[in-house]
Amino acid sequence: MTMRLHIKQQVRQAHQARQCYTPRSNTERVTVRRMAESCELVTPHRGMYAEPEYWSMLNHISKVQHIGSTLCREKPGTIIAGISAAAVWGLDHSAYLHKSGVITIAKPYGNPNRATHLQLHRIYLPARHMNHVTMHNNTQVTDPTRTLFDCGRTEAFHDAFPVFESAIRQNSVDSTAFLEYCSQAYVGRNRHLPAFVMSKARGLSENGGESFALAVIFELGFPWPEQQVEFTCIGPDGARKVRRVDFAWYLPDGRIVVGELDGQQKYVDPSMTGGRSIAAIVEDERERSQMLYRCGVSAVVRFTFDDVARRAPLERKLREAGVPRGAPPVLPQPHGRR
15 MTMRLHIKQQ VRQAHQARQC YTPRSNTERV TVRRMAESCE LVTPHRGMYA EPEYWSMLNH
75 ISKVQHIGST LCREKPGTII AGISAAAVWG LDHSAYLHKS GVITIAKPYG NPNRATHLQL
135 HRIYLPARHM NHVTMHNNTQ VTDPTRTLFD CGRTEAFHDA FPVFESAIRQ NSVDSTAFLE
195 YCSQAYVGRN RHLPAFVMSK ARGLSENGGE SFALAVIFEL GFPWPEQQVE FTCIGPDGAR
255 KVRRVDFAWY LPDGRIVVGE LDGQQKYVDP SMTGGRSIAA IVEDERERSQ MLYRCGVSAV
315 VRFTFDDVAR RAPLERKLRE AGVPRGAPPV LPQPHGRR
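Heads up, our numbering is the position in the sequence shown plus 14, with the first residue counted as 1.
If you want it as structure tokens, here you go:
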């Protein structure tokens, strides 16, 4: 068996274990570098390799899970933390938080601002809180409580909020117990930041996109809407139907404004379109809006994730629908990943 075939076999075995391949000898290291130069392999992280097609099929959470598990295999004692730990636990968050390819690790000693190399961020984990480190899917990682604590104090509100919502929805944390943890002395710097995020989280969002949209709506200064509101409507055939909406604002003048996050997948993903054409899906949405109007809804605002990320389109749509906008809240700001 040639060295190239041997390495390809080892790479596939690593993939089966949901990890990346790391060379074991100088001969392997020389060969994998050549294979990477010829695009036979990709390098997701320093010293790690994967097949291009396999790697491209993984989402951002799975990629971090592969790298984190490999780090723990190669360097026992490594603790995955922060937003990287959120990925290990499968908690919702935006893919762009991993765009740089940096993995966050925790250390109970040393300078938290010093990293072994540019693809690692170190944050300080007090030795007295090492009981919040556990094993999950062959990865040593901070437990959900400490993971949320670190995300809340290192990420912006709109980035941390989906992580908290997801954890509550999955029953990974208890909000009361978490707030008690944040109140402990010497738990870590900026403990008021994760406590603030948890004070807003209810776990009602159905996915990370909704959580992100809700956080941005709040940051823009709009009132916090009701979530997952059900309206009982009469369809064209006279049958009673229940329609649940993502957001609803009950305004002082008696008007009801509904907000719905439209995902692009429902127009292109066969598993969600049910074989229907885009025209048919659009018609279904029009009929859905008409039913909501018959239920007393005054306006239906549809917006995309791109509208939320860009903010200005979302703000314009909500203001045109009559949702009142006050001054944006003064949010506590994170002070770096430490």
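No residue lacks a Cβ here, since even glycine has one placed at the ideal position from N, Cα and C.
*Would you mind stating whether S186 and A215 have Cβ atoms separated by less than 8 Å?*
no
*For L328, collect the residues of the same chain with a Cβ closer than 8 Å to its Cβ; drop the 5 residues on either side in sequence, then sort them by chain order.*
A227, V230, I231, L234, F317, D321 and V322
*Note down the Cα distance separating A326 from R26, rounded to an integer number of angstroms.*
So the alpha carbons of these two residues sit roughly 45 Å apart.
*Just curious, the alpha helix (DSSP H) that A101 is in, first and last residue?*
G96 to V102
*asked:* Going by the DSSP bridge assignment, what does W263 pair with across the sheet?
replied: Paired residue(s): V271.
*Identify whether T41 lies in helix, strand or coil by the three-state DSSP scheme.*
helix
*Contact between the region 171-182 and the region 115-124: three or more CB pairs below 8 Å?*
Segments in contact, no.
_Distance check for Q184 and P346, CA to CA, integer angstroms please._
26 Å
_Rounded straight-line distance, which links the Cα of V44 to that of L134_ = When only Cα atoms are considered, L134 and V44 end up about 24 Å apart.
*When the Cα of V78 is compared with those of N151, S312 and T168, which residue comes out closest?*
If you compare the alpha carbons of N151, S312 and T168 with that of V78, the shortest gap goes to N151.
*asked:* Between G273 and P239, how many whole angstroms is the CB-CB distance? I'm expecting something under 8 Å.
replied: 6 Å
*Span of the alpha helix (DSSP H), counted from its first residue to its last, around C247*: Run containing C247: none in the alpha helix (DSSP H); it sits in the beta strand (DSSP E), E240 to I248.
_Considering only the alpha carbon of each residue, which of F171, R333 and R269 lies closest to G310?_
R269
*Do you know offhand how far M149's Cα is from R308's?*
52 Å
*Would you call the region 31-38 and the region 62-70 touching, i.e. three or more CB-CB distances under 8 Å?*
yes
*Would you mind reading off the limits of the beta strand (DSSP E) that contains H135?*
L134 to Y138
*Which residues bound the alpha helix (DSSP H) around M212?*
H206 to K214
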